[in-house]
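Numbering (the UniProt record's numbering), first residue to last: 1 to 287.
Don't be surprised by glycine CBs; every beta carbon is placed ideally from N, CA and C.
Note that the structure is predicted; figures quoted are calculated from it, not measured.
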Amino acid sequence: MECPLSGAEALAGKSKASQKQTISTSDVKRMKIEPSTTTSAIVDNKTNAKKSFKVLSWNIDGLVEQENTIDIRTRGVIDVIKREEPDAVFLQEVIPIAFDLIRNLLPEYDSYTGNTEGYFVVILTRRELFKAMYKNSIETDLMTSHHESGTEEIASKERMKQLKLCFKHMTDAPSHRIALFGGDLNIREKELQKVGDVPSSIVDLWIATGKRKECTYTWDINRNTNVYYPSTEYRPRARFDRLYYRPSTQTTIQFQPVYFELEGLEKLPSIKRYCSDHWAIQAYFDI
């Protein structure tokens, strides 16, 4: 398991003058991010207020170093992020080589890691959007994690324990804040039922946006050929990757999930492989 990473940030509606960046050393990092004076986000021309928000989560398969493809595959991940311009990004299975590329080639994002040894999780936030807190800010908690894999009973028990802990972090967040959590959770539906299902205050964004059939499976041997599987009769697929959202209790905050999609569906021509054995998942909000 990669250690969970969470951050609490202010999502500002307008550009303002720069302020000092402050980061605490607590387990749940409280961050105020230095703003930029320019923006390429979708905004209301009259108010300069941002009107939409995107969050993307992706297990980038950093542990598979097959035929020295990590550099090319990571660059493919970066190309998808540059094309899609998500406001927040949750990455799992990141290794130091990949993280160096991500930081160097995505300067428009601030990056936060659980650690930088072995493999780890990363949160990226668009610097022009996540800023010091102002009157019209939307306060947001961002959380990602990579949970235990494997079919053994001990692995199943561990990831159920991990999921319950993450749900608790979401429900314990201050009620005026929005909480977004996503990652490669490796969860099975029967395990979700055993932990009491998703808490009533939290929504599964794939379900909340209409359960599009083409987005059901995020790890799919039927479509993704990165992983060799010997059987031609049975091809496993699962919804291991998920995004969850806990709304703010403040009625003045408009943050409505409207769409959910898969990304990273294109093979990289030079190596005839996908960026990862997982698809990226991306959710859209109207704000």
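If you draw a 10 Å sphere on the C-beta of residue 273, you find 16 or more other C-beta atoms in it, and that means buried.
Taking the CA atoms as reference points, residue 182 sits about 16 angstroms from residue 149. When the beta-carbon positions are compared, residue 93 and residue 115 stay at least 7 angstroms from each other.
If you check the CB distance, residue 218 and residue 278 come in under 7 angstroms. In this structure, the beta-carbon distance from residue 250 to residue 176 falls below 7 angstroms. Taking one beta carbon from each stretch, the stretch 152–164 and the stretch 192–199 have 3 or more pairs nearer than 8 angstroms; the two touch. The closest CA to that of residue 247, considering only 171, 144, 281, is found on 171. Sequence-distant Cβ neighbours of residue 229 in its own chain, meaning closer than 8 angstroms and more than five residues away, are 221, 235, 236. The three-state secondary structure of residue 59, taken from DSSP, is strand. Taken through DSSP and simplified to helix, strand or coil, residue 267 comes out as coil. DSSP places residue 94 inside the beta strand (DSSP E), whose first and last residues are 88–94. Between residue 202 and residue 244, the C-beta spacing is below 7 angstroms. Taking the C-beta atoms as reference points, residue 240 is found no nearer than 7 angstroms to residue 257. Assigned with DSSP and collapsed to three states, residue 146 falls in strand.
Residue environment: residue 210 is assigned as exposed (fewer than 16 neighbouring CB atoms within 10 Å of its CB, all protein chains considered). Residue pairing from DSSP places residue 273 in a beta bridge opposite 268. Residue 79: member of the alpha helix (DSSP H) spanning 70–84, first to last residue. The alpha-carbon separation between residue 223 and residue 261 amounts to approximately 15 angstroms. Residue 242 is classed as buried because its beta carbon has at least 16 other beta carbons within 10 Å across all chains shown. Residue 214 and residue 78 have their C-alpha atoms roughly 23 angstroms apart. In this structure, the straight-line span from the alpha carbon of residue 127 to that of residue 106 is close to 10 angstroms. When secondary structure is reduced to three states using DSSP, residue 193 falls in the helix class. Looking at the DSSP output, residue 113 sits in a beta bridge with 122.
Looking at the DSSP output, residue 219 shares a beta bridge with 238.
Here the C-alpha atom of residue 280 lies approximately 22 angstroms from the C-alpha atom of residue 118. Burial state of residue 63 is exposed, judged by a 10 Å Cβ sphere holding fewer than 16 other Cβ atoms.
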